[in-house]
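J.: One structure follows; several queries about it will come next.
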Amino acid sequence: MSILAAIGAATLAFLASIGRIAIFAGQTVSHLIRPPFYFKEFGQQLLQIGYFSLPVVGLTTIFTGGALALQIYAGGARFNAEAVVPQIVAIGIVRELGPVLVGLMIAARVTSSIAAEIATMKVTEQIDALVTLSTHPMKYLTVPRVLAALLVVPLLTGIGDIIGIFGGFLVATKTLGFNEAAYLQNTADFLQSTDILSSLAKGAVFGTIAALMGCYYGMNSGRGAQGVGGATKASVQAAAILILAANFILTGVFFSA
Amino acid sequence: MIRLTDVKKSFSSNHVLRGINLHVPKGESMVVIGGSGTGKSILIKSVLGLVTPDAGEILVDGKDATKGDRDAFLARFGMLFQGGALFDSLPVWQNVAFRLMRGSLKRPKDEAREIAIEKLRRVGLKPDVADRYPAELSGGMQKRVGLARAIAAEPEIIFFDEPTTGLDPIMSGVINDLIREIVVEMGATTMTITHDMSSVRTIADKVAMLHDGVIQWTGPVAEMDASGDPYLTQFVSGSAKGPIEAVR
């Protein structure tokens, strides 16, 4: 096969997978708005995706906020701008690092778990069993997960933003000599409502992507243990890449001009 | 009751079903036998709509199985899957009562649990199993739970996919006897997929031999041993010599 043919085949395969994912997303929306609704499953997913992700989100953002404060202080010292630590930590965490890190952590923790669970259900015929029991797998498995992620990841992002800023605050006030009240005042004065809204909106989009990728790759997994492993790996890769791509687009939408 | 006419199904170049013609009258226990990979499971999944045939017609009570209200259609069926296919995240009683807790057959939770425990008892499991999770059960117990789930809503039609696979001969005998008892008791129409000849002799009213994508022979179980069909004779005797290739 010539190089051009290989590139063409790869491009077609890539476009076909985008098409399949778009159809899957469309089907999810279609089932989201039509009964029956499985409230118990939705509640369980709120807990799984939201509450149980709090530790990993908190730890990730607090360390990142702390490291960011150190970097900005050291970098700012090169041109006598050490005082901008509170403002840059706040803007860096709220606009970018908070939502992106939460999104990636959700991709690592939740997407992988959803894909592995659904793929295992598929290879053990549990998905077929659902159908024979008059229960649509999209309604019972996909909709509660995607809806829960859509609603709870913005909340996690907000919490992650606060913890990230707190990490910077701790480092700045305990090791870099910043005044506590002045640090908080600078942070509050500098942040705008657009920064916070963009952060929450990014969280909603990233959460939806993470859950959707887990469900899509789980539902379309191959056979056996290798199929489950492959689905899990592919789902996390796709979710991470799509989250970063969506972040670029959303940043452009919110902050270009 | 169930009639398949010239049903075909291929996966790429693999022509699994090449034109299946089969009739299962109401109240009859039909057992479909055949080697591994001959498309037995695809056959019953086609009836249930889990697999879409490429060609042919599947009628249930004279109505096209692929059209009409899917929920109402599936509510008439019970299915025991080869590996049990129990939901790991739910306790046993919720697995059994799954259909009774959702959709058109929904009952109050207490009533659903009561029915589940009754069905568990019917398949020889004690009520204390109800609150355990599938992963805590042995293979034989999981099969029984799967059987209890298949009969929980008292369906008119029950499919059994390899009901004794992975079980020891004694447990296989117990499951075969249970299936036969339940089928007679409920008067259900059943299709069983198996390559276990002891299951065939216990469960079947009629037998259909599937090979090379078509039904090679069909007839009453009593006529199976003297059928004269070379495919069936080889399969029943378990001989490596005959029209069925031993290495496939």
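Just so you know, the sequences run in chain order W and S.
With the working numbering, letter number 218 in the first sequence gets 218, and the count goes up by one each step, no holes.
With the working numbering, letter number 226 in the second sequence gets 1226, and the count goes up by one each step, no holes.
For each residue, glycine too, the CB sits at the ideal point set by N, CA and C.
Please read all numbers here as calculations on a predicted model, not as lab measurements.
If you measure from the beta carbon of W:S258 to each beta carbon in chain S, is any gap under 8 Å?
T.: Residue 258 of chain W is absent from the model: chain W starts at 1 and stops at 257.
J.: By the DSSP assignment, the alpha helix (DSSP H) with W:Q87 in it spans what residues?
T.: Within the first sequence, residue 87 of chain W is the residue found at index 87, counting from 1. Segment V85 to I91, the alpha helix (DSSP H) holding W:Q87.
J.: Evaluate S:K1143 with the Cβ neighbour count: other Cβ atoms within 10 Å of its Cβ, from every protein chain shown; 16 or more gives buried, anything less gives exposed.
T.: Working through the second sequence from its first residue, we reach residue 1143 of chain S at position 143. Result: buried.
J.: Name the DSSP beta bridge partners of S:M1030, please?
T.: Position 30 of the second sequence, counted from the first residue, corresponds to residue 1030 of chain S. Paired residues: S:M1191 and S:K1206.
J.: Compare the C-beta of S:D1071 against all C-beta atoms of chain W and say whether one is closer than 8 Å.
T.: Locating residue 1071 of chain S in the second sequence gives position 71, counting from the first residue. It does: the Cβ of S:D1071 has a partner Cβ on chain W nearer than 8 Å.
J.: Whose Cβ in chain W lies nearer than 9 Å to the Cβ of S:G1103?
T.: Reading the second sequence from its first residue, position 103 is the one you call residue 1103 of chain S. Here the neighbours are P36, L133, S134 and T135.
J.: Does the distance from the C-beta atom of W:I49 to that of W:V152 stay below 8 Å?
T.: Walking along the first sequence from the start, residue 49 of chain W turns up at place 49. Walking along the first sequence from the start, residue 152 of chain W turns up at place 152. Yes, these two residues count as a Cβ contact at 8 Å.
J.: Mapping the DSSP letters down to three states, classify S:I1002 as helix, strand or coil.
T.: In the second sequence, counting from the first residue as 1, residue 1002 of chain S sits at position 2. Strand, per DSSP.
J.: Among residues of its own chain, excluding the 5 on either side of W:A108, which ones have a beta-carbon nearer than 7 Å to its beta-carbon?
T.: The residue labelled residue 108 of chain W in the question sits at position 108 within the first sequence. Taken in chain order, the residues that qualify are V236.
J.: Mind listing which residues of the segment 1026-1047 of chain S have their C-beta closer than 9 Å to chain A's C-betas, in chain order?
T.: The structure shown contains no chain A; the protein chains it does contain are W and S.
J.: Check whether the Cβ of S:G1083 lies closer than 8 Å to any Cβ atom in chain W.
T.: For the purposes of this step, residue 1083 of chain S is taken as residue 83 along the second sequence, with counting starting at 1. At least one chain W Cβ lies under 8 Å of S:G1083.
J.: Please classify S:D1069: is it buried, with 16 or more other beta-carbons within 10 angstroms of its beta-carbon, or exposed?
T.: Residue 1069 of chain S sits at position 69 when you count from the first residue of the second sequence. Label assigned to S:D1069: exposed.
J.: Which of the three DSSP states, helix, strand or coil, is assigned to S:D1064?
T.: For this step, residue 1064 of chain S is matched to residue 64 along the second sequence. It is a strand residue.
J.: Taking CB distances under 8 Å as the criterion, tell me whether W:A129 reaches chain S.
T.: The sequence position of residue 129 of chain W within the first sequence is 129, counting from 1. Yes, W:A129 counts as interfacial toward chain S.
J.: Measuring CA to CA, which of S:L1043, S:L1048, S:S1046 and S:A1055 is closest to S:K1008?
T.: Position 8 of the second sequence, counted from the start, is the residue given in the question as residue 1008 of chain S. Of the listed residues, the one whose Cα sits closest to S:K1008 is S:A1055.
J.: Give the straight-line distance between the Cα atoms of S:A1075 and W:I209, rounded to the nearest whole angstrom.
T.: Taking the first residue of the second sequence as 1, we reach residue 1075 of chain S at position 75. Taking the first residue of the first sequence as 1, we reach residue 209 of chain W at position 209. Cα-Cα distance, rounded: 34 Å.
J.: Please list the terminal residues of the continuous alpha helix (DSSP H) segment that includes S:R1122.
T.: Start at 1 with the first residue of the second sequence, and residue 1122 of chain S comes out as number 122. K1109 to R1122 is the span of the alpha helix (DSSP H), which, as asked, contains S:R1122.
J.: What residue range is occupied by the uninterrupted alpha helix (DSSP H) comprising W:H31?
T.: If you number the first sequence from 1, residue 31 of chain W lands on position 31. W:H31 -> alpha helix (DSSP H) spans I3 to L32.
J.: For W:P35, count neighbouring Cβ atoms within 10 angstroms of its own Cβ and tell me buried if that reaches 16, exposed if not.
T.: As a working note, residue 35 of chain W is residue 35 in the first sequence. So W:P35 counts as exposed.
J.: Can you name the residues that DSSP bridges to W:S53?
T.: In the first sequence, counting from the first residue as 1, residue 53 of chain W sits at position 53. None; W:S53 has no bridge partner.
J.: Against chain W, does S:F1235 count as a neighbour if the rule is that its beta carbon must be under 8 Å from one of theirs?
T.: Stepping through the second sequence from its first residue, residue 1235 of chain S is reached at position 235. Answer no: the Cβ-Cβ gap between S:F1235 and chain W never drops below 8 Å.
J.: Kindly say whether W:T124, judged by its beta-carbon, lies nearer than 8 Å to any beta-carbon of chain S.
T.: Looking up residue 124 of chain W in the first sequence gives position 124. W:T124 counts as touching chain S.
J.: Return the first residue and the last residue of the beta strand (DSSP E) that S:P1230 is part of.
T.: As a first step, residue 1230 of chain S is located in the second sequence; it is residue number 230 there, counting from the start. No beta strand (DSSP E) holds S:P1230; the alpha helix (DSSP H) holding it covers P1230 to S1237.
J.: At which residues does the alpha helix (DSSP H) containing W:M213 begin and terminate?
T.: Counting from 1 along the first sequence, the entry for residue 213 of chain W is found at position 213. Looking at the DSSP string, the run of the alpha helix (DSSP H) that includes W:M213 is S193 to M219.
J.: Grab the span of the alpha helix (DSSP H) containing W:L157 for me, first residue to last.
T.: By 1-based counting over the first sequence, the position of residue 157 of chain W is 157. Here the sequence assigns Thr to residue 157 of chain W, which means Leu is not the residue at that position. It spans V143 to K174 - the alpha helix (DSSP H) in which W:T157 sits, taken as one unbroken run.
J.: Give the secondary structure of S:P1091 by DSSP, where H, G and I count as helix, E and B as strand, and everything else as coil.
T.: Against the second sequence, residue 1091 of chain S aligns to sequence position 91. Reduced to three states, the DSSP call for S:P1091 is coil.
J.: Identify the continuous beta strand (DSSP E) that holds W:V236 and give its terminal residues.
T.: Here the question's residue 236 of chain W lines up with position 236 in the first sequence. Not the beta strand (DSSP E): W:V236 falls in the alpha helix (DSSP H), residues G224 to F255.
J.: Between S:L1137 and S:R1121, what straight-line distance do the alpha-carbon atoms span, to the nearest angstrom?
T.: In the second sequence, counting from the first residue as 1, residue 1137 of chain S sits at position 137. In the second sequence, counting from the first residue as 1, residue 1121 of chain S sits at position 121. So the alpha carbons of these two residues sit roughly 15 Å apart.
J.: Can you give me, in chain order, the residues of the segment 1098-1125 of chain S that have a beta carbon less than 7 Å from any beta carbon in chain W?
T.: Within the segment 1098-1125 of chain S, the qualifying residues are F1098, R1099, R1102 and G1103.
J.: Which residue comes first and which comes last in the beta strand (DSSP E) that contains S:P1220?
T.: The count along the second sequence starts at 1 and reaches residue 1220 of chain S at position 220. Start and end: V1214 to P1220.
J.: S:F1160 lies in the beta strand (DSSP E); which residues open and close that run?
T.: Your numbering for residue 1160 of chain S matches position 160 in the second sequence. I1157 to D1161 is the span of the beta strand (DSSP E), which, as asked, contains S:F1160.
J.: Would you check if the segment 210-228 of chain W and the segment 164-179 of chain W touch, i.e. whether three or more CB-CB distances between them fall below 8 Å?
T.: Not touching, per the Cβ criterion.
J.: Between which two residues does the alpha helix (DSSP H) harbouring S:F1073 extend?
T.: Walking along the second sequence from the start, residue 1073 of chain S turns up at place 73. Segment R1070 to L1074, the alpha helix (DSSP H) holding S:F1073.
J.: Should the segment 1083-1093 of chain S be regarded as contacting the segment 1122-1136 of chain S, the criterion being three or more beta carbon pairs within less than 8 Å?
T.: Cβ pair count under 8 Å is three or more, so yes.
J.: Indicate whether the contact test is met: 3 or more Cβ pairs, each with one atom in the segment 91-98 of chain W and one in the segment 185-204 of chain W, closer than 8 Å.
T.: The segment 91-98 of chain W, when compared against the segment 185-204 of chain W, does touch it at the 8 Å Cβ threshold.
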